[in-house]
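All the letters of the sequence shown, read from the start, carry residue numbers 76 to 252 under this note's numbering.
For glycine and all other residues, C-beta sits at the position ideal for the given N, C-alpha and C.
So the structure is just underneath, and the comments pick up after that.
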Amino acid sequence: MATYSQEQQELSRESLQLALFDLMQHQAFASITVSALAARAGISRMGFYRNYDTKEQVLSDYFDRRVAPFYDALSASVAQGPASISQAYFAYIDRHSTLFEVLIQSGAENVLIDRFTYYVDRFYRDHVKTVPFTGDYAFFWTSFVAAGLYKMTIDWLKTGKRASVATLAAIATKLAG
C-alpha cells in the first residue's frame, strides 16, 4: 500500500495554493468551489481534503508562505528602529502588491485581515518594547495598530499607491512606532 509522503503532501499543498491564487485572479473567492480548485491543481477532491479542510486554509497557507520570510527579515532588523521597519514594510507591500490586490479584488479580505492582524500582533508583542506589552494594554494596543496599519495599507492599494512609500512609512512611524 502506498503511503502519502511528506514530499507528496508538500507538492499537493503548493499546487492547491497556486491554483487558488490563479483562480482568484479571474473570479470571486466565494464562487470558487473545492472541485474547481482541485481540478485546477490536478488533484482529486480527496487529495484536497487530505491536505485542507477549507479553501480559507489554502489561502492562509499561501499568504503565510509569502509573508513569513519577510516577517523573519523584519524581525531581524528591529534594532534599526521604527523608521527603518516602516520603510521596509511599505517597500515590501509595494513589491508584492499583486498578492494583496488579488485578495482584495476577489473578496477574500476576511482571510487577509486575519493573517495581517496575526503578523502585526506577533511583531508588536515580540519586538516593540516602548509600551508595556502585557495584559489588556498589549491586546488593545496591537488591535489599534493592526487595524490602522491594515486600513492604511488597503486604502493605499485601492488608490493606486498614489502616496509614496516614504510618506506612508513616516506616518506609520509617527503613529505606531
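Out of the options, state which residue places its alpha-carbon closest to the alpha-carbon of residue i.
i: residue 145; options: 177, 161, 241 and 239; result: 161
i: residue 177; options: 93, 88 and 82; result: 93
i: residue 163; options: 83, 86 and 239; result: 239
i: residue 138; options: 218, 105, 91 and 101; result: 91
i: residue 173; options: 241, 210 and 229; result: 229
i: residue 222; options: 196, 234, 115 and 116; result: 196
i: residue 248; options: 89, 242 and 157; result: 157
i: residue 225; options: 185, 237 and 106; result: 185
i: residue 189; options: 84, 150, 241 and 136; result: 136
i: residue 132; options: 215, 187 and 211; result: 187
i: residue 179; options: 83, 81, 215 and 102; result: 102
Report yes if the CB atom of residue i is closer than 8 Å to the CB atom of residue j, and no otherwise.
i: residue 120; j: residue 110; result: yes
i: residue 199; j: residue 220; result: yes
i: residue 112; j: residue 123; result: yes
i: residue 175; j: residue 250; result: no
i: residue 202; j: residue 142; result: no
i: residue 87; j: residue 107; result: no
i: residue 99; j: residue 181; result: yes
i: residue 260; j: residue 244; result: Here the chain covers residues 76 to 252 and nothing more, so residue 260 does not appear.
Measure the beta-carbon distance from residue i to residue j and round it to whole angstroms, keeping in mind my assumption that it falls under 8 Å.
i: residue 183; j: residue 96; result: Not really, about 10 Å apart at Cβ, beyond 8 Å.
i: residue 236; j: residue 169; result: 7 Å
Cβ of residue i less than 8 Å from any chain D Cβ?
i: residue 249; result: The structure shown contains no chain D, having only a single protein chain.
Does any heavy atom of the ligand FMN sit closer than 7 Å to the C-beta of residue i?
i: residue 168; result: In terms of ligand content, the structure shown is empty, and the ligand FMN therefore cannot be addressed.
Checklist entry - In chain order, which continuous runs of the alpha helix (DSSP H) of length 4 or greater are located wholly inside the stretch 172-241? => result 172-180, 184-202 and 210-233
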